[in-house]
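Have a look at the structure below, then the notes.
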Amino acid sequence: MKIELYLPVYKQFEYEKKFALLELKQITKCFLIDKIESTELGYEFDLTDEARLPALVTSLKRLTYVANIKINSEIIDTYQGVLEKSCPVNGHQKRQPTRYGAHGIHEYKGKFNPQIVSSILHQFSPTKNSKVLEPFCGSGTTLYESSIKGFENVGFDFNPLAVFLANTKLASINLSLPLAKKEMICVISNSKKFADTIYLESNERLDYLKNWFDIEQLKKIESFRLCANKIKKKEIRDSLLCIASNLIKEYSQQEPADLRIRRRKSLLPERCFFEVVQEKAEKYFSSLETVSQVLPANLPVGTAKNIDIRDTLALKDYFDYFDFAITSPPYATALPYIDTQRLSLVWLELASPKNIKVLDSTLIGSRELKKSEQNKLKEDLVENKDKLPEKLHNLCLDMLGSLTDNDGFRRQAMPFLVYRYFVDMKKMFENVLLMLKSGGKFALVVGHNKTTLGGVVFELNTPSYLATLAEHIGWDVSEIVCLDVYHRYDLHQSNSIDSESLVLLQKL
Ligand SMILES: C[S@@+](CC[C@H](N)C(=O)[O-])C[C@H]1O[C@@H](n2cnc3c(N)ncnc32)[C@H](O)[C@@H]1O
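Take the sequence shown: its position 448, counting from 1, is numbered 447 in numbering that gives the first Met the number 0, and each next residue is one higher.
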């Protein structure tokens, strides 16, 4: 019997084509398929033992980079095919849809695409009891994708907004849609009335927000938050707060497209905040409806925890617990995760304005560096106090040696930031090693970067550096796979990551 598989309509990267085949081989391994042929539209093969067709179809429906399966003349959609079809399309966009299910509820810088997580998971050949770890869970892409694939999962992030977003996505799995729609209409109607009478007192939080919003706008946003906070069901309350949080920068006096905090030059949106929240919430609920229609009931709900991944003691309950880890880690000079999200953090009461800077400086890859810390790091770097592998220590020394007086203060800090990053990532690798079971696999999607010091260009091959670091502390480096070029941020093109690699490690 001939089985034909059709690829999605979006243009695939070379690595996605390669992954599609790897996943297919993995999934069909136990069905004694002789030969998989490539066709113009995808793949085809013969199934000799027709009694195994139902089991094969169940497995094929899980493929990430296949949209449909043709058997005899019947066309069956894969789960991924259905989820991607439900994504909102802008114009004639032929880009990979990544905002299906709960994935699209809130933007988060450094998000990776859910398809890569799904494919890596399948290539790892999980069993139904496999447990997935995400050491830098961010907005929860790995966690949510693991949940909808049926795997137990736990993630960690030190940014409270990331943890809030990830947990909201995870809880969406058990959200009652009829109730959520009712609550949403009620909150919108109550907050419209409340916005006319609300009094915004003076305190640290509101004074901060008053600086970034027109007062009438702030009244609307604050009324919405207070009315939403009255909802008893946490998963509904948090979903509505997330949807609104994703819009507030758009309605603020900050330039919405700018990663850094700058006063806005572009015009404010014309449409009323409430109207847009309602529209976004309706779209969100309809994406969740698609998930509930195609996926089995009783999916596991994972969890995201606000824990610093360097804090070994706080992770001790998870030693020898996970089968796999999948992440996209921060870079040596990371994206300003906290800075870009200041408004949401303060509005949602996840951080006070005073705490923002402290929070920012504690994240791995932060660019914040006090003079006193710089002096201490200089001593550590020169002596290699943290016992980095020689290759990485030499890189830091080269960077330090290349500095001239012409380099500004940001560049002067680079060798120390890179050194501190390696030290932090070493700790992370040690902790993830403790948390994985023996034989456990760890996948990292990592970008390359570059910096110029004293006129010398340093191509920072972070994937290779991280592999060196991991090997140094006992990981086995299975493979480094080059992924294709991405262009992510228009405004900050010079800092953008234009090529990425997948680093695959194993705990022996
Ligand atoms: C590239 S982002 C991850 C994005 C995520 N894959 C997603 O799809 O949303 C890296 C994350 O590392 C987190 N992070 C930085 N330092 C950390 C630390 N010490 N412990 C835990 N998480 C940290 C940042 O807050 C950020 O969310």
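Ideal Cβ positions, reconstructed from N, Cα and C, are used throughout, including at glycine.
Best match in the options for proximity to residue i [C-alpha to C-alpha]
| i | options | result |
| --- | --- | --- |
| threonine 27 | Arg236, Arg261, Ile2 | Ile2 |
| leucine 482 | Phe111, Lys218, Glu372 | Phe111 |
| methionine 427 | Lys279, Phe157, Val357, Ser498 | Phe157 |
| methionine 434 | Ala66, Leu132, Leu31, Lys108 | Leu132 |
| tyrosine 464 | Phe421, Thr57, Val455 | Phe421 |
| alanine 194 | Cys271, Asn202, Ala324, Arg263 | Cys271 |
| asparagine 71 | Ala19, Cys86, Leu4 | Leu4 |
| proline 462 | Lys248, Asn448, Lys209, Val276 | Asn448 |
| phenylalanine 441 | Ile197, Ile75, Ala324 | Ala324 |
| tyrosine 330 | Arg419, Tyr317, Arg410 | Arg419 |
| proline 268 | Glu281, Gln253, Arg261 | Gln253 |
| isoleucine 308 | Asp406, Val275, Asn354, Thr361 | Thr361 |
| valine 480 | Lys17, Asn189, Lys69 | Lys17 |
| glutamine 292 | Leu142, Asn383, Ala66, Gln79 | Gln79 |
| tyrosine 586 | Leu52, Thr326, Phe223, Ala66 | Past the boundaries of the shown model lies residue 586; the chain is included only from 0 to 507, so the question cannot be answered. |
| lysine 565 | Lys168, Leu205, Lys219 | Past the edges of the chain, shown from 0 to 507, lies residue 565, and the structure says nothing about it. |
Alpha-carbon to alpha-carbon, residue j and residue i
| i | j | result |
| --- | --- | --- |
| serine 493 | glutamate 458 | In this prediction, serine 493 has a pLDDT of 47, which is less than 50 and means its spatial position is unreliable; what the coordinates show is noted afterwards. For serine 493 and glutamate 458, the distance between alpha carbons rounds to 13 Å. |
| glutamate 15 | glutamate 221 | 44 Å |
| leucine 501 | valine 81 | 27 Å |
| phenylalanine 123 | methionine 398 | 38 Å |
| tyrosine 320 | lysine 436 | 6 Å |
| leucine 312 | valine 431 | 13 Å |
| glutamate 478 | isoleucine 172 | 34 Å |
| glycine 137 | isoleucine 306 | 12 Å |
| alanine 170 | serine 371 | 43 Å |
| isoleucine 230 | serine 238 | 11 Å |
| leucine 504 | leucine 443 | 8 Å |
| glutamate 106 | asparagine 245 | 7 Å |
| proline 177 | alanine 466 | 48 Å |
| lysine 24 | serine 117 | 15 Å |
| leucine 298 | valine 455 | 52 Å |
| glutamate 203 | valine 476 | 49 Å |
| isoleucine 472 | glutamate 281 | 49 Å |
| asparagine 374 | asparagine 460 | 26 Å |
| leucine 391 | glycine 407 | 23 Å |
| valine 88 | serine 285 | 14 Å |
| leucine 376 | glutamate 470 | 24 Å |
| methionine 0 | alanine 50 | 11 Å |
| isoleucine 184 | leucine 294 | 27 Å |
| cysteine 29 | leucine 20 | 15 Å |
| leucine 52 | alanine 179 | 39 Å |
| threonine 38 | threonine 97 | 26 Å |
| lysine 181 | glutamine 277 | 11 Å |
| threonine 451 | arginine 409 | 11 Å |
Distance CB(residue i)-CB(residue j) smaller than 8 Å
| i | j | result |
| --- | --- | --- |
| alanine 227 | arginine 236 | yes |
| isoleucine 104 | tyrosine 283 | yes |
| lysine 130 | glutamate 144 | no |
| leucine 160 | leucine 344 | yes |
| phenylalanine 6 | leucine 40 | The sequence given here has leucine at residue 6, not phenylalanine. Yes; because the gap between Cβ atoms is below 8 Å, this pair is in contact. |
| glycine 453 | valine 290 | no |
| phenylalanine 273 | isoleucine 214 | no |
| threonine 302 | asparagine 128 | no |
| proline 388 | leucine 468 | yes |
| glutamate 22 | threonine 63 | yes |
| lysine 60 | threonine 77 | yes |
| glycine 139 | glycine 149 | no |
| methionine 424 | isoleucine 363 | yes |
| proline 352 | valine 445 | no |
| leucine 358 | lysine 248 | no |
| serine 251 | tryptophan 211 | yes |
| leucine 240 | proline 335 | no |
| leucine 368 | leucine 416 | yes |
| lysine 506 | glycine 400 | no |
| serine 365 | alanine 333 | yes |
| tyrosine 42 | isoleucine 35 | yes |
| threonine 403 | threonine 141 | no |
| leucine 225 | tryptophan 346 | no |
Segment limits, alpha helix (DSSP H) that includes residue i
| i | result |
| --- | --- |
| glutamine 25 | 13-27 |
| leucine 142 | 140-147 |
| phenylalanine 150 | That residue, phenylalanine 150, is in no alpha helix (DSSP H); it is neither H nor E in DSSP. |
| glutamine 292 | 272-293 |
| phenylalanine 193 | 176-196 |
| aspartate 379 | 370-382 |
| isoleucine 220 | 214-227 |
Extent of the continuous beta strand (DSSP E) to which residue i belongs
| i | result |
| --- | --- |
| tyrosine 42 | 41-45 |
| glycine 438 | 435-446 |
| cysteine 395 | It is not in any beta strand (DSSP E) - cysteine 395 instead sits in the alpha helix (DSSP H) that spans 389-401. |
| tyrosine 5 | 1-5 |
Heavy atom of ligand 2 within 7 Å of residue i beta-carbon
| i | result |
| --- | --- |
| leucine 507 | The model on display carries ligand 1 but not ligand 2. |
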